[in-house]
Amino acid sequence: MTELQQNALCSIDSEATGYQEFQIGEIKFQRCEYFAYITCPTSQHMMPIDAFLTALMRDIAWGFFYGTVAFDDVFGTTNHYGNVDIFLGKFHDEWIKSEKVHIQNHESDELMDVFKAMQSDWTNAEFDPFAAPQETGKAWGRKNGDNEAAISRERETAQRMVGMPGDTPLRTDENGFPVNRAFLDVDQTEPVVDAQEGFENEIHAFNLFGYLSRSDVTWNPSIVSVLRQSLFCPTTEEYILPIEHGNDRPEWFLQLSDEIVWEIKDGTNGKATASVTMRPGDVATMPGDIRHQGFSPKRAMLIVWENGSPEIMEQIKNGTVNPLPVEF
Ligand code: PHB
Ligand code: FE
Numbered sequence: 322m323t324e325l326q327q328n329a330l331c332s333i334d335s336e337a338t339g340y341q342e343f344q345i346g347e348i349k350f351q352r353c354e355y356f357a358y359i360t361c362p363t364s365q366h367m368m369p370i371d372a373f374l375t376a377l378m379r380d381i382a383w384g385f386f387y388g389t390v391a392f393d394d395v396f397g398t399t400n401h402y403g404n405v406d407i408f409l410g411k412f413h414d415e416w417i418k419s420e421k422v423h424i425q426n427h428e429s430d431e432l433m434d435v436f437k438a439m440q441s442d443w444t445n446a447e448f449d450p451f452a453a454p455q456e457t458g459k460a461w462g463r464k465n466g467d468n469e470a471a472i473s474r475e476r477e478t479a480q481r482m483v484g485m486p487g488d489t490p491l492r493t494d495e496n497g498f499p500v501n502r503a504f505l506d507v508d509q510t511e512p513v514v515d516a517q518e519g520f521e522n523e524i525h526a527f528n529l530f531g532y533l534s535r536s537d538v539t540w541n542p543s544i545v546s547v548l549r550q551s552l553f554c555p556t557t558e559e560y561i562l563p564i565e566h567g568n569d570r571p572e573w574f575l576q577l578s579d580e581i582v583w584e585i586k587d588g589t590n591g592k593a594t595a596s597v598t599m600r601p602g603d604v605a606t607m608p609g610d611i612r613h614q615g616f617s618p619k620r621a622m623l624i625v626w627e628n629g630s631p632e633i634m635e636q637i638k639n640g641t642v643n644p645l646p647v648e649f
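Throughout, the numbering used here is defined as the position within the sequence shown, counted from one, plus 321.
Structure (structure tokens):
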């Protein structure tokens, strides 16, 4: 038996379930009808398959995101922008104490290829990993078709601002974005922009609430406006952010509607430190040395305000970034 097989908690009969196995370096991934199994030379870790696939979908869609994407308290990735760490137990006290932490580093493209192939093979026809739990079929069971349309959705990333000529279009009934059941009362009127001659390409406005009311995905920020390095990334949130985000720079949240509770943990050992309840009009910042996960009882609108500065990327790489957004 190989070391990987010896660590297995249970044997997975992939022939019976129909799912492929995947491997990168010394980490092997398998799924059964209910769980994903992640095996490395020191141990094996299990996750419910719906939690695994919704987290994997975010890691893929966001290109490994800023800093750490923790699928749960054991498994995740840390982005070094070009290459990426994939880890088990790195931020988990017991894994650290028992010297079981396993970390591999890979070229981002190499890991992305494996992640995409796994997402594609393990997502069944009726399951949409971007959808709210009430708006999707189940992830469970044996291999049953695929859902390429759902998992290959491109994140909307405006160059300047949504709705400008040649930029990301507004969402409408006609282009396949009906108003979500939770936002039927949102005013759909678009602002009238009357630009002075010669300024038609300089001034623009659109109804952000209307735009968000038509989002068909949850916990998937799209970039709606770019001003130099300032990225406005609004999103609609329902149920639980499928990952815990261990950000490597401060980011800001502006709550536009409803209510989200953020559970905050220490960035290095995962111990709970705070709980932040945000209501419409509230603004909060997440410093760069924590991890956070949002809980949204009703579909809510949120702006995530990100810092896309190339200088901060360099500071992160050489360890000089200030994790604090403000100092008093
Ligand atoms: C975050 O980690 O800050 C985050 C990610 C996705 C969301 C909202 C917030 O939809
Ligand atoms: Fe975050």
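We put the CB at the ideal spot given by N, CA and C, even for glycine.
{"Asked": "Are the beta-carbon atoms belonging to Met485 and His525 less than 8 angstroms from one another?", "Found": "yes"}
{"Asked": "Counting only beta-carbon separations shorter than 8 angstroms, does Tyr387 have a partner in chain E?", "Found": "Absent from the structure is chain E; it holds one protein chain and no more."}
{"Asked": "Distance, Cα to Cα, Lys592 vs Lys586?", "Found": "5 angstroms"}
{"Asked": "I need the boundaries of the alpha helix (DSSP H) containing Arg379, first residue and last residue.", "Found": "Ile370 to Ala382"}
{"Asked": "Give me the pocket residues for the ligand FE, defined as CB within less than 6 angstroms of any heavy atom, sorted by chain position.", "Found": "His566, Asn568, Glu572, Met607 and His613"}
{"Asked": "Who does Ser473 pair with in a DSSP beta bridge?", "Found": "In DSSP, Ser473 forms no bridge with anything."}
{"Asked": "Tell me the rounded alpha-carbon separation between Asp393 and Glu495.", "Found": "38 angstroms"}
{"Asked": "Going by C-alpha to C-alpha distance, which of Phe520, Trp461, Arg535 and Leu529 sits closest to Thr493?", "Found": "Arg535"}
{"Asked": "What's the C-alpha gap between Gly640 and Val647?", "Found": "18 angstroms"}
{"Asked": "Please return the same chain residues whose Cβ sits closer than 8 angstroms to the Cβ of Trp626, not counting the five positions on each side in sequence.", "Found": "Ser551, Leu552, Phe553, Cys554, Glu572, Trp573, Phe574 and Leu575"}
{"Asked": "Taking buried to mean at least 16 other C-beta atoms within 10 Å of its own C-beta, is Phe350 buried or exposed?", "Found": "buried"}
{"Asked": "Under the criterion of a Cβ to heavy atom distance below 7 angstroms, does Gly640 qualify as lining the ligand PHB?", "Found": "no"}
{"Asked": "Check whether the stretch 435-443 touches the stretch 467-475, taking contact to mean three or more Cβ pairs, one atom from each stretch, closer than 8 angstroms.", "Found": "yes"}
{"Asked": "With a 10 Å radius around its C-beta and 16 neighbouring C-beta atoms as the bar for buried, classify Glu428 as buried or exposed.", "Found": "exposed"}
{"Asked": "Under 7 angstroms: does the beta carbon of Gly609 sit that close to some heavy atom of the ligand PHB?", "Found": "no"}
{"Asked": "Have a look at Gln455 and Glu521 and give me their C-alpha separation to the nearest angstrom.", "Found": "42 angstroms"}
{"Asked": "What residue range is occupied by the uninterrupted alpha helix (DSSP H) comprising Val435?", "Found": "Ser429 to Trp443"}
{"Asked": "Output yes or no for whether 8 angstroms exceeds the beta carbon distance between Tyr355 and Gln365.", "Found": "no"}
{"Asked": "Shortest alpha-carbon distance to Trp557 belongs to which of Val597, Gly567 and Arg620?", "Found": "Just to set this straight, residue 557 is Thr in the shown sequence, not Trp. Per the Cα distances, Arg620."}
{"Asked": "Compare the Cα-Cα distances from Arg352 to each of Ala460, Asp603, Asp508 and Met599 and report the closest residue.", "Found": "Ala460"}
{"Asked": "Taking all protein chains shown into account, decide if Pro450 is buried (16 or more other Cβ within 10 angstroms of its Cβ) or exposed.", "Found": "buried"}
{"Asked": "Round the Cβ separation of Tyr340 and Trp443 to the nearest angstrom and send it over; I've been treating them as touching at under 8 angstroms.", "Found": "6 angstroms"}
{"Asked": "What are the start and end residues of each continuous alpha helix (DSSP H) run of 4 or more residues lying completely inside the stretch 508-566, in chain order?", "Found": "529-534"}
{"Asked": "Do you know whose CA, among Gln517, Phe530, Asp515 and Gly519, lies nearest Asp506's CA?", "Found": "Phe530"}
{"Asked": "Cβ of Ala453 within 8 angstroms of Cβ of Tyr560?", "Found": "yes"}
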